[in-house]
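Residue numbers (this note's numbering): 492 to 722.
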């Protein structure tokens with residue numbers, strides 16, 4: 492079973508809704524969409540030591556998780572982001588802590604799934620896998636993906652055409668199925684949980700996390716679709 496909002500036209504409320512398995516108490520986003528920052532973040536240092544980051548070589552933004560936000564960077568200078576290096580800060584920026592904002596000193600540790608460090612200069616880096624190389628797809632299918640650990644949460648990060656970044660957990664639709672479990676998972680996996688037969692049910696918890704910087708006011712209506720596939 493897949494809980495999914497697969498299109499970018501999905502509403503704002505969908506983009507900040509998290510789900511958990513019953514009693515597991517581990518809320519994760521279905522698809523969290525993030526974009527390049529529209530204004531320079533003057534307190535960030537890119538891997539080459541530029542502060543603010545060189546926006547002709549790196550796109551960068553935040554993984555917004557309510558009161559926590561983690562900074563990320565992606566190398567874009569060759570125009571082929573789907574197989575470039577992706578960087579993630581280890582420590583979250585909060586109301587009380589600066590977080591990991593220096594991607595140059597002492598330098599990021601290789602391995603996006605390694606345990607995060609702590610401090611202003613703690614970060615990790617890994618190379619995205621180019622989906623078009625694996626599938627033989629044309630240049631229009633420009634996806635780069637990787638398993639990633641953000642804080643204590645496991646996600647599949649997917650970069651689309653150098654324009655946006657998805658962080659997905661409860662979604663095994665393409666291209667998130669290219670990541671491995673438990674980074675991208677089914678809500679109900681028949682190979683692990685047994686068959687889900689007519690009349691059966693299971694519970695998923697729902698939590699809405701409102702990130703820093705969102706405007707005050709009413710939110711629009713969102714839809715979450717549950718898809719059951721016969722495997």
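Note that beta-carbon positions come from the ideal geometry of N, C-alpha and C, so glycine has one too.
Where residue i falls: helix, strand or coil (DSSP)
i, result
"residue 644", "strand"
"residue 622", "helix"
"residue 614", "strand"
"residue 594", "coil"
"residue 513", "With a pLDDT of 49 at residue 513, under the threshold of 50, the modelled position of that residue is not reliable, and the figure given next carries that caveat. The answer is coil: DSSP assigns residue 513 none of H, G, I, E or B."
"residue 582", "coil"
"residue 525", "strand"
"residue 556", "strand"
"residue 713", "coil"
beta-carbon residue i near the ligand ZN non-hydrogen atom, thresh 7 Å
i, result
"residue 688", "Although the ligand ZN was asked about, the structure shown includes no ligands whatsoever."
Buried versus exposed, by CB contacts within 10 Å (16 or more), residue i
i, result
"residue 645", "buried"
"residue 587", "exposed"
"residue 530", "exposed"
"residue 602", "exposed"
"residue 522", "buried"
"residue 619", "buried"
"residue 719", "exposed"
"residue 714", "exposed"
"residue 665", "exposed"
"residue 717", "exposed"
"residue 708", "exposed"
"residue 711", "exposed"
"residue 693", "exposed"
Residue i and residue j closer than 8 Å at C-beta
i, j, result
"residue 562", "residue 617", "no"
"residue 536", "residue 593", "yes"
"residue 590", "residue 614", "no"
"residue 679", "residue 669", "no"
"residue 700", "residue 575", "no"
"residue 655", "residue 560", "no"
"residue 609", "residue 582", "yes"
"residue 647", "residue 674", "yes"
"residue 651", "residue 667", "no"
"residue 554", "residue 658", "yes"
"residue 604", "residue 640", "yes"
"residue 595", "residue 684", "no"
"residue 518", "residue 698", "yes"
"residue 642", "residue 607", "yes"
Whole-number beta carbon distance between residue j and residue i, since they are thought to touch under 8 Å
i, j, result
"residue 551", "residue 528", "6 Å"
"residue 572", "residue 635", "6 Å"
"residue 564", "residue 543", "At roughly 11 Å, the Cβ-Cβ gap does not stay under 8 Å, so residue 564 and residue 543 are not in contact."
- Length at least 3, wholly inside the region 655-679: the beta strand (DSSP E) runs in chain order: Taking only runs of at least 3 residues, the beta strand (DSSP E) segments lying wholly in the region 655-679 are 655-659.
- Within the region 683-708, note down every full beta strand (DSSP E) run reaching 3 residues or more, in order along the chain. Here the runs fully enclosed are 695-699.
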